[in-house]
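The numbering of the sequence shown is this note's numbering, which starts it at 875 and goes up by one. Scroll down for the structure; my scribbles are underneath it.
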Amino acid sequence: MLIIKDIHNLKLYIDTYEKKGYSMGYVPTMGSLHVGHGELIRKSKEDNQKTIISIFVNEKQFDNPDDYKNYPRNRGKDYDFCDKYDVDIIFEPSNEEIYKEKQKMLINKNFQNILCDKFRPGHFNGVITVLEKLFLITKAKKVYFGEKDYQQFKIVQSFAQSAFKNLSIISVPTVRQEDGIAFSSRNENLSKKQLQEFVKFHNNTCLFISELDQNIAIADANILARDFIKAQNIDRFDYFEFRNSNNLSSEGIISEARLFYAIYKGEVRLIDNLNLTT
Ligand code: AMP
């Protein structure tokens, strides 16, 4: 396993892989790796001869400087994790390496003003800005994203369709802990009590969804969702609503929808999305 910190060296290895005709899968991450990331790596390894993972906490996608500062980072453990999953290359650039000259930000034009785009203005501009760079550097033909960040997956998919015609964006279902919540780097920032409360909230939410009639309109389910969330023990929330899984609109019935939430426990922002079969 290679750990590469600079673009120049990475390109040398990528060019060698390309010359040898190896298929390459790429998994972009912000580190603090867990089993969810592991599943993306596993899928890439299944589909490709070489797998490259990047670890880069992208300041440009954080709308809140404290959130950036407090984002969990655990280098040593991440290397061991990748080694266990038999990753070929870890690309771990510095800020200076990625943003050498003053960076012109790309503007996201898809799935705007809803869910995370509404509550984290500029977040997805930062996401597509760094991904454009990383897609160009890694030259990967297949890139893996988790459904955990479903709006991100949809936005990246639309972005790639217009800007990277030969790139496949592959989605991987959310991997969950035994207690039901999704594996997430941010879970590390919760106290024991906050974690217990979050698990309870999540499982109440699953129960709420399972008791709904599958044919109920998304708009009607959202009225019930508003009452449900008001009664929960959470510090605050940005959104808690059903949206159509295909186009993220509020049209259709809930069997074709997902429930999206972004809630807070203390200062920790937690997102997830669930469908009727989760
Ligand atoms: P992050 O490091 O949080 O930016 O995540 C990197 C990638 O891993 C993104 O595509 C996420 O959607 C994906 N991911 C994070 N958590 C999970 C999970 N529990 N299950 C599946 N994919 C995940």
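We treat Cβ as the ideally placed atom computed from N, Cα and C, and that holds for glycine. Note that the coordinates shown come from a computational prediction; the quantities given were computed from them, not determined experimentally.
Three or more Cβ pairs closer than 8 Å define a contact, and the region 1112-1121 meets that threshold against the region 987-994.
In this structure, residue 1013 lies near residue 888, with their beta-carbon atoms less than 8 Å apart. Not one heavy atom of the ligand AMP sits closer than 7 Å to the Cβ of residue 946. With 16 or more other Cβ atoms inside 10 Å of its own Cβ, residue 911 counts as buried. Our two residues, residue 942 and residue 936, have alpha carbons roughly 6 Å apart in a direct line. When the Cα atoms are used, residue 967 and residue 1030 turn out to be separated by approximately 21 Å. Straight through space, the alpha carbons of residue 945 and residue 1088 are spaced by roughly 38 Å.
Under the three-state reduction of DSSP, residue 876 is assigned to strand.
Counting other Cβ atoms within 10 Å of its Cβ, residue 1143 reaches 16 or more and is therefore classed as buried. Under DSSP, residue 1147 forms a beta bridge with 1134.
Contact between the region 1001-1020 and the region 1124-1131 is absent: fewer than three C-beta pairs spanning the two stretches fall below 8 Å.
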